[in-house]
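Enquirer: Dropping a structure here in structure tokens format, bear with me for questions.
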Amino acid sequence: MPLDTMAAGVPMYVHPGIDARSWAALTTSDQPVRWIVLNQADGPGAVEDPVLYDAARAVKAGGVTKVCGYIDYAFGARDGGDYTINQDAAKWISRGIDSVFLDRAPSAAAQVQSTAVSVLGLRKAGMKFAVLNYGVLPAPGHLDIGDVAVVFEGDMPTYRTLSVPAWVFEHEPERIAHLVYEASQADAREAVGLARGRGCHNLFATAATFASGNPWAGLPTYWSDEAKALKSFPARPAPGWQV
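In terms of this note's numbering, the sequence shown is residues 3 to 245.
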């Protein structure tokens, strides 16, 4: 897909054996999706799942530019010890996944340097594209670390009241992402406009609820309408950051 409109970053926390519809929808070439997140047992999983990886390859062949391997950063707690983020990264890279989604990234100002060092280590290991999921607006400095920063993850009522400080608009909107759940079809269209006005060009909204245990279990039934709304707004291409 040409990266000339607003687009979505989609956490695909569902197996294609459970939701083949969502995976198939992302294989067509007109999808406004820049990146998806591949998640196998909250990480790369012990053994590669061929069905899951075949689905991911089909999505990438369809035009989604980045398939990101899920890694739980645990707010910075997995920098050391017996099982680190670098070990997860090595598994993803060995399976041909060279982009990373670093979940539960720490957001405090005191953790800018340690997070930057962690991401630099992932890049040196072979990760060419990094999405950091803060879930909230982090302290200034964090937005310069990855290629994309998820600075909101929450429900639609909370999203409507989101306040964005002026300094966020100093960053390229292609490097900012919002994830919204508990959103109706009309809410999703509204969320696209809200995201653009808040300096964000990566927006994914879904009707699923947090109470379900996994609000990111595939695409909403109204995805085609949301995709149309995203494609109605032009955006500059994301530059990326290659090592």
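Don't be surprised by glycine CBs; every beta carbon is placed ideally from N, CA and C.
Could you name the residues of the same chain whose beta carbon sits closer than 8 Å to that of I38, not counting the 5 residues immediately before and after it, in chain order?
Expert: Reading the sequence shown from its first residue, position 36 is the one you call residue 38. Its chain contains G11, V12, P13, M14, L28, A58, V61, V66, K68, V69 and C70 as the residues whose beta carbon lies nearer than 8 Å to that of I38, once the 5 sequence neighbours on both sides are disregarded; these appear in chain order.
Enquirer: DSSP three-state label for W37, please.
Expert: Here residue 37 is taken as the residue at index 35 of the sequence shown, counted from 1. Note: W37 maps to strand in three-state DSSP.
Enquirer: Which same chain residues, not among the five before or five after Y183, have their C-beta less than 7 Å away from its C-beta?
Expert: Residue mapping note: residue 183 aligns to position 181 of the sequence shown, counting from 1. Here the set comprises D157, T208, A210, T211, F212 and P217.
Enquirer: Suppose you measure from the CA of V51 to the CA of M129; what does that come to, to the nearest Å?
Expert: Stepping through the sequence shown from its first residue, residue 51 is reached at position 49. Stepping through the sequence shown from its first residue, residue 129 is reached at position 127. The sequence shown places Asp at residue 51, rather than the Val named in the question. Taking the straight line joining both Cα atoms gives about 20 Å.
Enquirer: If you run the structure through DSSP and keep just helix, strand and coil, what is V245?
Expert: Here the question's residue 245 lines up with position 243 in the sequence shown. In this predicted model, V245 has a pLDDT of only 26, less than 50, meaning its place in the structure is not dependable; the value taken from the coordinates is given anyway. It is coil, neither helix nor strand.
Enquirer: Kindly indicate the opening and closing residues of the beta strand (DSSP E) around N88.
Expert: Indexing the sequence shown from 1 puts residue 88 at position 86. First-last for N88: I87 to S96, but that is the alpha helix (DSSP H), not the beta strand (DSSP E).
Enquirer: Could you check where the alpha helix (DSSP H) with A188 kicks off and where it finishes?
Expert: Position 186 of the sequence shown, counting from 1, holds the residue named residue 188. Q187 to G199 is the span of the alpha helix (DSSP H), which, as asked, contains A188.
Enquirer: For the beta strand (DSSP E) containing P142, name the first residue and the last one.
Expert: For the purposes of this step, residue 142 is identified with residue 140 of the sequence shown, where counting begins at 1. Premise fails: P142 is in no beta strand (DSSP E) and is neither H nor E.
Enquirer: Just to confirm before moving on: does the CB-CB distance between P222 and H203 stay below 7 Å?
Expert: One-based indexing of the sequence shown puts residue 222 at position 220. One-based indexing of the sequence shown puts residue 203 at position 201. No; because the gap between Cβ atoms is not below 7 Å, this pair is not in contact.
Enquirer: Quick check on the DSSP output: the beta strand (DSSP E) that includes M14 runs from which residue to which?
Expert: Taking the first residue of the sequence shown as 1, we reach residue 14 at position 12. From DSSP, the beta strand (DSSP E) with M14 extends over A10 to M14.
Enquirer: Can you give the beta carbon distance from V153 to V138, rounded, assuming they're within the 8 Å contact cut?
Expert: Looking up residue 153 in the sequence shown gives position 151. Looking up residue 138 in the sequence shown gives position 136. Indeed they touch by this definition, with Cβ atoms about 7 Å apart.
Enquirer: Return helix, strand or coil for Y136, following the three-state DSSP convention.
Expert: Your numbering for residue 136 matches position 134 in the sequence shown. Note: Y136 maps to coil in three-state DSSP.
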